[in-house]
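Accompanying notes for the structure given below.
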Amino acid sequence: MNYLTKIGVGAASCCCLSACGGAFRGDVRFTEADIASLHLDSTQVLPAIDSAVVRVNLNPFLGNREFDFGSLVNSMRLIPLETNDNSLVANIYKVLLTDKYIYIHDDFKRGGLIIFTADGKFVRRISHGGGPGELYRLYDIDFDRENQYLLAYQHPYLMYYTPDGQYLRQKKLPFGFYNFCAIPGGYAFKTMDGYGNEHLGTKKDYTLLVTDTTFRLKQAALPSPRLVGFGGYHYLYKTSEVQVTAKFCDTVYTYKPLRGELEAAYALDYSDKKLPYSYCLDTNSNKFMDAITQNDYYYFVGEYLENNTHQVFFLRNDYRNQRTVIYRDKRTGEMTGGSNANFDKNVIPPIAFPTAVYGDCFVSLHYPNPNDSCLQASPLLSAEEKRALLQLQEDDNPVLVSFALKTIKDDE
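Residue numbering for the sequence shown follows our numbering, beginning at 47 and increasing consecutively.
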């Protein structure tokens with residue numbers, strides 16, 4: 047099954063998201079029974095294997111660098127999301143796509159869930175409220191491929207739905223976290239630097255938690271100090287394995303569910319203009335903000351994507367008001383990127399900063415506008431897609447743009 051998981055569109059639309067804005071609330075008390083259900087005494091502390099880490103040099107792509115993005119795009123598909131009174135999409139946080147459905151987590155009433163078919167036809171929006179199956183302040187979603195469940199995290203509950211959004215049940219979770227994904231035989235969770243999980247004892251500072259389906263805590267990994275309340279939106283990205291990132295940590299980890307192993311896979315090097323780590327610690331947020339706005343520093347807040355053929359790394363620079371994107375070919379190791387993507391607007395829309403992956407493709411959001419008439423000449427679009435574009439209005443829902451890339455060569 048093809049699968050799409052998102053880096054955080056909400057984070058992409060602004061400079062940052064505060065941790066307290068989207069993270070779990072600390073007003074839920076965990077009972078002794080909740081704590082006992084974790085079986086903390088038998089939880090394994092999982093080290094990260096670093097014997098095969100790949101160093102990724104991002105320094106050549108810093109600054110006001112242009113790159114020829116248009117020549118990289120090999121194919122493209124458009125999926126307009128149907129627009130009607132019930133299907134209007136607010137600011138999007140996350141997109142999931144299976145063979146049959148598209149799931150959109152947006153900020154409707156501080157966290158909503160809307161379902162479309164794989165072709166973009168509206169199915170339903172999960173009702174907002176506090177009743178059975180209704181959602182209030184939704185924090186994250188995922189699709190359990192193994193058991194065919196749509197999952198929604200509404201602290202402190204994990205909500206279970208059928209693939210088309212029919213409510214099944216909910217389970218109380220014995221800890222708080224930021225985002226999650228279903229894995230074979232259980233779940234992986236990314237917490238927010240220990241906030242709200244003091245009941246985990248010696249495991250409270252580990253930010254990657256792995257449980258079975260009953261939420262028994264099997265493994266804990268990646269201890270983290272308290273960092274400033276600033277960051278991206280997502281830190282877990284699921285393909286055949288699970289990619290794990292963290293804010294201000296320049297290593298991309300891979301968790302292998304079937305083997306129960308964690309590997310330090312990629313180490314990012316942008317040392318020429320890297321934000322000093324001392325500013326990232328939870329000591330003085332004013333100094334942090336002064337540092338990133340008054341100095342030509344770059345920093346990584348965990349924004350990352352990986353499909354079957356390529357990876358994408360994102361860096362931020364608030365002094366320049368820039369977001370830098372770097373593509374890496376997994377087959378050749380070659381890279382290209384920068385802050386300014388060049389492309390022919392008659393061939394592709396502005397999609398160089400993707401928000402999700404789907405099989406061999408990256409996926410971007412495109413909002414309809416009058417310039418779409420230029421795309422009528424695009425050799426990458428079908429006649430049907432061109433007709434659909436002409437029918438869209440500026441206030442319609444966004445279009446998902448799925449695109450595959452060519453091999454990146456050393457002269458890119």
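The beta-carbon is built from N, C-alpha and C at its ideal position, and this holds for glycine as well. Since this is a predicted model, take the numbers as computed values, not measurements.
- Per DSSP, reduced to three states, the secondary structure at E430 is helical.
- The region 305-319 and the region 327-344 touch, with no fewer than 3 CB-CB distances between them shorter than 8 Å.
- In this structure, Y139 sits near Y279, with a CB-CB distance shorter than 8 Å.
- Assignment of beta-bridge partners to A136 by DSSP yields no partner.
- Straight across, the Cα-Cα distance linking V274 with N332 is about 10 Å.
- In the structure shown, the three-state DSSP call for F334 is helix.
- Contact between the region 388-403 and the region 101-120 is present: 3 or more CB-CB pairs across the two stretches fall below 8 Å.
- Within its own chain, the residues whose Cβ lies closer than 6 Å to the Cβ of P414, once the five positions on either side in sequence are excluded, are L438, E440, D442, listed in chain order.
- Nearest in C-alpha terms to P178, of all of N132, D145, I161, Q212, is Q212.
- Here V358 is not near S410, since their CB atoms are 8 Å or more apart.
- By the C-beta criterion, the region 264-274 is judged not to be in contact with the region 104-113, since fewer than 3 inter-stretch pairs fall below 8 Å.
- Nearest to H201 by alpha-carbon distance, out of F76, Q194, V288, I172, is F76.
- Contact annotation, K250 with L282: C-beta distance approximately 19 Å; criterion of less than 8 Å not satisfied.
- Restricting attention to I161, T163, N137, the CA atom closest to the CA of D153 is found in N137.
- Distance between E287 and I229, taken at the CA atoms: about 9 Å.
- Cβ-Cβ separation between Q340 and Y365: approximately 7 Å, consistent with a contact (criterion under 8 Å).
- When DSSP states are grouped into helix, strand and coil, A450 belongs to the strand group.
- Look at A82 here: in three-state DSSP terms it is helix.
- The secondary-structure analysis by DSSP pairs H201 with nothing; it has no beta-bridge partner.
- With a contact defined as Cβ atoms closer than 8 Å, D114 and N388 qualify at about 5 Å.
- Of H412, A434, Q422, Y404, the smallest CA-CA separation from L143 is found for Y404.
- Under the DSSP definition of a beta bridge, H412 partners with V445.
- Rounded to the nearest whole angstrom, the CA to CA distance from R170 to L327 is 42 Å.
- Excluding five sequence positions before and after N354, the CB atoms of its chain that fall closer than 6 Å to its own CB belong to D406, given in chain order.
- Contact between A198 and L214 fails: their C-beta atoms lie close to 11 Å from each other, not under 8 Å.
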